[in-house]
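A quick write-up on the structure given underneath.
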Amino acid sequence: MVKISDRQLTLRHTRSQVERRRIMRLCRDLFDESDSDEDDLDHELLHILCTIEHQRYSVVRSCDPFTRTRFHHFLYEIKESRFRKLFRMERRSFNSIVALIDQQSVFAVVRGKVAKSPVSHHLLVFLYYMGANGNAVSNEHMASFFGIGAGTVS
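Whatever position you read off the sequence shown (first residue = 1), add 33 for this note's numbering.
In structure tokens:
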């Protein structure tokens, strides 16, 4: 059974309301009844329908709220032994590598483009990838582990 989205249901309902209002307007015109309040309602309903049709999503979409906290957790909150186990390196060495590659042009922010993630985030993902094997290195697993998009990993 096909699942109908909330947006589609709202569109169907609004279109049926517009059709009812159109029939009511024809009846008003037929009986020479003029009502500016009804006309205002018609215009408002048409405006709502146009707005819904031009929006791709019916609810506000937001980024994963855990993304920043996951990286913050890995960078600053986990114990040194856990950090070493996950990323196969000591945090002190990790910070040294970040300092070395931080100024590379690859990681530079290009004006007019979306800002890139910090170098430390890139390095965490890379080190985890290099230190893991099997299903742990699948795009889906790494994406859910770090809270990033699967396409971002590859």
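Note that beta-carbon positions come from the ideal geometry of N, C-alpha and C, so glycine has one too. Treat the numbers as computed from the prediction; the structure is a model and nothing was measured.
**Asked** Can you list, in chain order, the residues of its chain whose CB lies under 8 Å from that of VAL142, leaving out five sequence neighbours each side?
**Response** Counting only Cβ-Cβ distances below 8 Å, and skipping sequence neighbours, we find ALA148 and LYS149.
- Message: Using the three-state DSSP reduction, which class does SER126 fall into: helix, strand or coil?
- Response: In this structure, DSSP gives SER126 a helical state, which the three-state scheme calls helix.
Is it the case that the stretch 101-113 contacts the stretch 147-166, given that we only count it when at least three CB pairs across the two stretches are under 8 Å?
Judged by Cβ distances under 8 Å, the stretch 147-166 makes contact with the stretch 101-113, as three or more pairs qualify.
Closest by C-alpha distance to LEU78, when choosing among ARG89, TYR90 and ARG48:
Proximity to LEU78 across ARG89, TYR90 and ARG48 peaks at ARG48, based on C-alpha coordinates.
Quiz prompt | Proximity to ARG89 [Cα-Cα], best of ASN172, HIS174 and ARG40 | solution = Closest by C-alpha distance to ARG89, out of ASN172, HIS174 and ARG40, is ARG40.
I'd like the list of long-range same chain contacts for VAL186, defined as Cβ closer than 7 Å, with 5 residues on each side in sequence excluded. The residues are VAL158, ASN172, MET175 and ALA176.
Backbone CA spacing between HIS87 and PHE64 [nearest angstrom]: Looking at the backbone, the Cα of HIS87 and that of PHE64 are separated by about 35 Å.
| query | Which residues bound the alpha helix (DSSP H) around ARG55? | reply | Run containing ARG55: 39-63, per the alpha helix (DSSP H) assignment.
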